[in-house]
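Inspection log for the structure reproduced underneath, given as structure tokens.
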Amino acid sequence: MSDMATPRTILLTAAQATVRWLAAQRVVVDGAQVPYFAGAWAIFGHGNVAGLGEALHAAGDALPTWRAHNEQAMAHAAIAYAKQMRRRRAMVCTSSIGPGATNMVTAAALAHVNRLPVLFLPGDVYAGRRPDPVLQQLESGADGTASVNDCFRPVSRYFDRITRPEQILDALPRAVTVLRDPALCGPATLAFCQDVQAEAFDFPASFFEPVLWPERRQPADEAALRALLEAVRRSQRPLLVCGGGVAYSGAEAALSALATATGLPVAETQAGKGTLPWNHPRNLGAIGVTGSTAANAAAQAADLVVGIGTRLQDFTTGSRSLFPQARLFQVNVQPLDAHKHGATAVVGDARLVLETLREGLGDWRVDEGVAQRDAAAVAAWNEQVDAATAPGAAGEAPSDAQVLGAVQAAVDDDAIVVCAAGGLPGELHKLWRTASPRGYHVEYGYSCMGYEIAGALGVKMAEPDREVVVLVGDGSYLMMNSELATSVMLGLKLVVVVLDNRGFGCIDRLQRATGGAGFNNLLADARHARLAPVDFAAHARSLGALAEHVSGVAQLGEALARARVADRSAVVVIDTDPSRTTEAGGWWWDVAVPEVSDRTEVNVARQAYEAGVPLKRNQP
């Protein structure tokens, strides 16, 4: 009798069914079962307000909806949330057809590069084509099926276009399968035709039953593990290079146990920074173009380099110049990454591999002489960090490094620092001392200007009890600042430090280093009728934040103390010197210089470049 009373189908619109299904997905985080989708970011328009908007309103707290001010920014917030949550949870982003959709394409590329989960539900054209061309519809004379949402195809790990309600029965599980897969993880896009959102269908009731998605950990092949263990045992100067995959795997404790027991030295990529506390005895610091002298010296001398959860991009490898003597192993769940640069591939989960290494190496340890040389190099590097971050002379514009030193001194060890593009990520990679897990959140895979404040909003949603400190240059602030208002509206407090060097100082330095004249980077070097004095503090106040401008590093600490006890997001602005950067550390980076030029400086730079390439670059 009970079976007869239970409806086997439920009549819902495609949008209602989508939202109900999304709200029913579950995962286990820290021992507790929680919804996989923490909520949805939405900016509504004619392409999604009537369908998805109605469905999200009805869902209420089962799938909470937040309003943002910019579609790219809300997607950055969703992506940052997923990163801070170690990819264990994700968010949904929905926009209208047209510019709302294409605004999210940049964020989709960021998520793709960084292997981070986010579900995009952009509105799309009418599947039935009755009102074509509907407002904002792209028309192609060669392809009647084309829409602006096709821009998502190359930057999505999974793409589908929903042209019939029943298609979601397959499309939604496929999308989440990709979001949850450790190797395939990245953005999924379901372009949702706006007429289909509103169409009803008798969906199976079983489709909406809660689903618990298990955590997947891929074990490595036994032969590959044996080869790695043997290579470590035979090595005299090994080095572990740890990337974001260590954090996504939750392998920090396993890494610490291995390094402590064996003395294996560890160097950190941007995404891997903080996988060990900065003062762990075997942490050599940042590696590569923005690396420490200790880590880069160890890389040059290494006879074995083991990458763990890293993409080995050019900043990490010094454009493939940093490991000239080493045999390379790559531990990664993604086979594409595991086989890079001729590495011996170990395709598997970082935590499982690290635990296997710890058990398999037994009482093996790195030679004590090597460990002592590493320790001396780290001590020397820490002296360089102290010197770079110490306050300068009174009255002079501080360097970025001096500002970082003041911010580091003002916040607790548990604070999370957020940054993205320009010169600041390089200084942070070298100089910031990360003491707590997930305390370093820098988006440098895509190096996307404008990520900083929006990303920090997502970080704060993931960890509301921790202080979130944003470091952002004036260029990135001007590019995207709207979610500062959202942080005030949602009561998600951020402490934002704006470093004003009056332009794009990082690229100006690169331009000059390659022989170019100062051109179109600093505001003073750009074509202009007049230079407008931008009052960043006044602008931040207009968005509802507290804000003040300080005259130097000495006042910065006092302002940060006020910001930290404020009742809402607070912004501190400080002028900095665009020409100064930390000379200590670092490594060669392949930036091509023009072969011919009318400028003597460019020709000189080209000669230096040509001399450096054959000396520095390793062949794959």
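Here the sequence shown stands for residues 1 to 620, where the numbers follow UniProt numbering. Glycine residues also receive a C-beta, built at the ideal position from the N, C-alpha and C atoms.
From the DSSP secondary-structure annotation, give me the bridge partner or partners of residue i.
i: residue 73; result: Per DSSP, none; premise fails for residue 73.
i: residue 330; result: 307, 345
i: residue 368; result: None; residue 368 has no bridge partner.
i: residue 432; result: In DSSP, residue 432 forms no bridge with anything.
i: residue 81; result: DSSP output for residue 81 lists no bridge partner at all.
i: residue 13; result: 200
i: residue 268; result: 242, 286
What separation, rounded to the nearest whole angstrom, lies between the Cα atoms of residue i and residue j?
i: residue 215; j: residue 251; result: 14 Å
i: residue 378; j: residue 452; result: 30 Å
i: residue 9; j: residue 206; result: 8 Å
i: residue 547; j: residue 244; result: 34 Å
i: residue 317; j: residue 266; result: 15 Å
i: residue 204; j: residue 167; result: 13 Å
i: residue 17; j: residue 229; result: 50 Å
i: residue 554; j: residue 448; result: 31 Å
i: residue 200; j: residue 460; result: 38 Å
i: residue 288; j: residue 426; result: 10 Å
i: residue 482; j: residue 585; result: 35 Å
i: residue 268; j: residue 450; result: 24 Å
i: residue 1; j: residue 11; result: In this predicted model, residue 1 has a pLDDT of only 46, less than 50, meaning its place in the structure is not dependable; the value taken from the coordinates is given anyway. Each residue's alpha carbon lies about 22 Å from the other.
i: residue 620; j: residue 485; result: With a pLDDT of 46 at residue 620, under the threshold of 50, the modelled position of that residue is not reliable, and the figure given next carries that caveat. The alpha-carbon atoms of residue 620 and residue 485 are separated by roughly 48 Å.
i: residue 390; j: residue 278; result: 18 Å
i: residue 68; j: residue 324; result: 48 Å
i: residue 550; j: residue 303; result: 49 Å
i: residue 83; j: residue 248; result: 8 Å
i: residue 437; j: residue 599; result: 48 Å
i: residue 293; j: residue 102; result: 42 Å
i: residue 529; j: residue 285; result: 46 Å
i: residue 491; j: residue 441; result: 21 Å
i: residue 538; j: residue 43; result: 27 Å
i: residue 355; j: residue 336; result: 23 Å
i: residue 160; j: residue 152; result: 10 Å
i: residue 296; j: residue 343; result: 19 Å
i: residue 594; j: residue 535; result: 38 Å
i: residue 192; j: residue 176; result: 16 Å
i: residue 320; j: residue 423; result: 21 Å
i: residue 507; j: residue 527; result: 17 Å
Nearest CA to the CA of residue i: which residue from the options?
i: residue 38; options: 72, 88, 18, 68; result: 88
i: residue 94; options: 506, 86, 603, 119; result: 119
i: residue 517; options: 569, 601, 543, 534; result: 601
i: residue 604; options: 513, 613, 587, 568; result: 513
i: residue 254; options: 221, 275, 331; result: 275
i: residue 162; options: 174, 136, 154; result: 174
i: residue 312; options: 114, 7, 75, 610; result: 114
i: residue 36; options: 19, 536, 231, 334; result: 19
i: residue 454; options: 488, 533, 439, 429; result: 488
i: residue 74; options: 105, 53, 41; result: 41
i: residue 402; options: 564, 580, 356, 540; result: 580
i: residue 392; options: 176, 552, 423; result: 552
i: residue 501; options: 475, 515, 446, 410; result: 475
i: residue 470; options: 544, 368, 573; result: 573
i: residue 111; options: 158, 65, 434; result: 158
i: residue 511; options: 458, 606, 51, 433; result: 606
i: residue 194; options: 28, 66, 133, 587; result: 133
i: residue 624; options: 150, 562, 587; result: Residue 624 is absent from the structure shown; the chain starts at 1 and stops at 620.
Just to confirm, is the Cβ distance from residue i to residue j under 7 Å?
i: residue 81; j: residue 462; result: yes
i: residue 444; j: residue 236; result: no
i: residue 576; j: residue 412; result: no
i: residue 682; j: residue 569; result: Outside the displayed range of the chain (1 to 620) lies residue 682, so it cannot be described from this structure.
i: residue 263; j: residue 375; result: no
i: residue 63; j: residue 22; result: yes
i: residue 241; j: residue 307; result: yes
i: residue 496; j: residue 571; result: yes
i: residue 107; j: residue 136; result: no
i: residue 353; j: residue 524; result: no
i: residue 627; j: residue 117; result: Any question about residue 627 goes unanswered here, given that the chain covers just 1 to 620.
i: residue 171; j: residue 179; result: no
i: residue 503; j: residue 521; result: yes
i: residue 148; j: residue 25; result: no
i: residue 346; j: residue 224; result: yes
i: residue 96; j: residue 123; result: yes
i: residue 334; j: residue 183; result: yes
i: residue 468; j: residue 498; result: no
Measure from the C-beta of residue i to each C-beta in chain D and report whether the shortest distance is under 7 Å.
i: residue 426; result: Included in the structure is just one protein chain, with no chain D present.
Practice prompt. Output the residue ranges of the alpha helix (DSSP H) runs that lie fully inside the region 95 to 160 and measure 4 residues or longer, sorted by chain position.
Written response: 99 to 102, 105 to 114
Fill in: Whole beta strand (DSSP E) elements within the region 166 to 213, 3-residue minimum
187 to 193, 200 to 204
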